[in-house]
Amino acid sequence: MSGVKSVSHDLDQLNRLLHMVKSLVQSPYLSLGSYVRSLVSSVMYCILEPLAASINPLNDHWTLRDYAALLLSHIFWTHGDLVSWLYHQILLSLQKVLSDPVRPLCSHYGAVVDLHALSWKAVERVLYPHLPAYWANLQAVLNDYSVSNAQVKADSHKVYGAILVAVERLLKMKALSLTSAAGGGGAGLPDTATGAVSFRENSPGLSPPPEPLSEPPLGIASHLQAGGAGCPWEEWTTVSLPVMYCELYSFFGDILAVRFSTDPPLDLLPALHLHPHVPGHLRHVLDVLPANPKTFSLKPATRCFRLDLLLSLSSSAGDR
1 MSGVKSVSHD
11 LDQLNRLLHM
21 VKSLVQSPYL
31 SLGSYVRSLV
41 SSVMYCILEP
51 LAASINPLND
61 HWTLRDYAAL
71 LLSHIFWTHG
81 DLVSWLYHQI
91 LLSLQKVLSD
101 PVRPLCSHYG
111 AVVDLHALSW
121 KAVERVLYPH
131 LPAYWANLQA
141 VLNDYSVSNA
151 QVKADSHKVY
161 GAILVAVERL
171 LKMKALSLTS
181 AAGGGGAGLP
191 DTATGAVSFR
201 ENSPGLSPPP
211 EPLSEPPLGI
221 ASHLQAGGAG
231 CPWEEWTTVS
241 LPVMYCELYS
251 FFGDILAVRF
261 STDPPLDLLP
271 ALHLHPHVPG
281 HLRHVLDVLP
291 ANPKTFSLKP
301 ATRCFRLDLL
311 LSLSSSAGDR
């Protein structure tokens with residue numbers, strides 16, 4: 001860790017350090033053993049800490065944090081047997097960073113991209129419950145148009161974008177998981193037991209592996225599912241997809257809505273309108289369909305919920 005701190009002013013050195021960690025992790029001839037914790041700590045430092053290099057706005061420390069987050073995810077997916085016991089601790093660290101308004105926005109950005117890289121369920125159980133409290137502080141910065149706030153506002157847009165991408169993936173994966181459960185589950189989906197192994201053998205880069213729609217019962221997922229004493233998600237309960245979407249829509253508005261398809265299978269619309277699992281207060285969305293469905297579009301005032309997500313509900317036995 002001291003070695004990372006000593007070069008925190010030099011992005012080139014930090015990038016070389018992360019690439020060295022990647023090489024160590026991907027080498028089939030090395031056993032990381034007890035060194036894995038030091039590697040994880042160094043990567044976490046690059047993700048969360050306000051690096052000296054970040055003082056200069058011309059330095060692209062954002063890309064460094066993105067790469068470090070993918071690298072950390074790669075370590076967990078490929079060396080889960082060595083680092084599974086660290087997963088719960090890392091989630092707590094990320095939650096604490098997001099809950100600390102004193103931490104700089106670059107640290108908040110790192111926490112968000114790290115949660116996104118680790119798992120959509122990490123986003124669901126750590127970021128999503130904290131979003132209402134965090135949003136007020138973020139909006140205060142976004143709405144400050146003073147010249148002295150220009151750089152901080154630019155940083156806040158980075159955080160805003162990272163949250164948007166994370167919750168978009170959360171909604172898509174949650175909808176896919178419902179569709180998978182309704183269709184018998186698992187057909188044509190990534191193998192949850194072997195995904196990490198195949199990723200280690202076949203992927204030369206740091207793109208996240210095809211993410212399973214349901215997590216395996218052991219390893220890193222067990223820490224996320226079981227929670228722990230005093231953790232904020234210990235008594236976490238699942239939130240229905242319509243409720244989650246409408247809450248997120250209240251934050252992002254149409255900037256979230258337009259990122260989802262607006263062309264559902266037209267032959268399913270009549271059945272969807274009468275389906276018992278479509279909440280009554282959302283049925284009015286279907287009432288705005290024009291006579292010619294091919295020209296279908298939703299006005300912003302009535303776009304409370306996207307029809308592709310409603311369709312996922314109509315094919316499931318319920319969301320709760």
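Sequence positions in the sequence shown follow UniProt numbering and run 1 to 320.
We put the CB at the ideal spot given by N, CA and C, even for glycine.
None of these values were measured; they are calculated from a predicted model.
Query, Result
"Helix, strand or coil for Ser-203 per DSSP?", "Reliability fails at Ser-203, whose pLDDT of 36 lies under 50, so the model's placement of it is uncertain and the value that follows must be treated cautiously. Residue state, collapsed to three classes: coil."
"Given this structure, state the Cα-to-Cα distance separating Asp-254 from Tyr-87, to the nearest angstrom.", "34 angstroms"
"Using only CA atoms, which one of Asn-137, Trp-135, Leu-127 lies nearest to Val-167?", "Leu-127"
"If you follow the alpha helix (DSSP H) that residue 330 is part of, which residue opens it and which one closes it?", "Residue 330 lies beyond the residue range present for the chain, which begins at 1 and ends at 320; the question has no answer from this structure."
"Under the assumption that Arg-65 contacts Trp-120 (Cβ atoms under 8 angstroms), give the Cβ distance between them as a whole number of angstroms.", "About 19 angstroms; that fails the 8 angstroms criterion."
"Is it the case that the Cβ atoms of Ala-162 and Val-112 are separated by a distance below 8 angstroms?", "yes"
"Rounded to whole angstroms, what is the Cα-Cα separation between Ala-154 and Leu-142?", "8 angstroms"
"Quick one: grab the DSSP three-state call for Asp-263.", "Reliability of the predicted coordinates at Asp-263 is poor, the pLDDT of 44 falling under 50, and the value obtained from them is presented with this limitation in mind. Coil."
"Quick one: which unbroken alpha helix (DSSP H) runs of 4-plus residues sit fully inside the region 128-163? Chain order, please.", "128-142"
"Are the Cβ atoms of Leu-24 and Leu-14 separated by less than 8 angstroms?", "no"
"Between Pro-57 and Gln-151, is the Cβ-Cβ spacing less than 8 angstroms?", "yes"
"What residue range is occupied by the uninterrupted alpha helix (DSSP H) comprising Asn-15?", "11-26"
"What residue range is occupied by the uninterrupted alpha helix (DSSP H) comprising Ser-84?", "80-99"
"Which term fits Ala-133, buried or exposed, when burial requires 16 or more other beta carbons within 10 angstroms of its beta carbon?", "exposed"
"Count the other CB atoms, across all protein chains shown, that sit within 10 Å of the CB of Gly-110; report buried if there are 16 or more and exposed otherwise.", "buried"
"Using DSSP with H/G/I as helix, E/B as strand and the rest coil, what is Ser-107?", "helix"
"On the DSSP letters alone, give me the boundaries of the alpha helix (DSSP H) that Pro-242 sits inside.", "241-252"
"Buried or exposed, going by whether 16 or more other CB atoms sit within 10 Å of the CB of Arg-16?", "exposed"
"Of the choices Thr-238, Leu-18, Glu-247, Ser-107, whose alpha-carbon is the least far from that of Ile-55?", "Ser-107"
"Given a cut-off of 8 angstroms, decide if His-61 and Leu-98 are closer than it, judged by their beta-carbon atoms.", "no"
"Compute the Euclidean distance between the alpha carbons of Ile-90 and His-9, then round it to the nearest angstrom.", "24 angstroms"
"With a cut-off of 8 angstroms on the beta carbons, I'd call Leu-164 and Leu-256 a contact; round off their distance for me.", "7 angstroms"
"Looking at Leu-82: is its Cβ nearer than 8 angstroms to the Cβ of Ala-117?", "no"
"Among the residues of its own chain, which have a CB less than 6 angstroms from the CB of Trp-135, if the five just before and after it don't count?", "Phe-251"
"Applying the criterion that 16 or more other CB atoms from any shown protein chain within 10 Å of the CB defines a buried residue, is Tyr-29 buried or exposed?", "exposed"
"Taking C-alpha atoms, which residue in Lys-174, Ser-42, Phe-76, Leu-11 lies nearest to Lys-21?", "Here residue 21 is Val; the residue named in the question, Lys, does not match the sequence. The shortest C-alpha separation from Val-21 is found at Ser-42."
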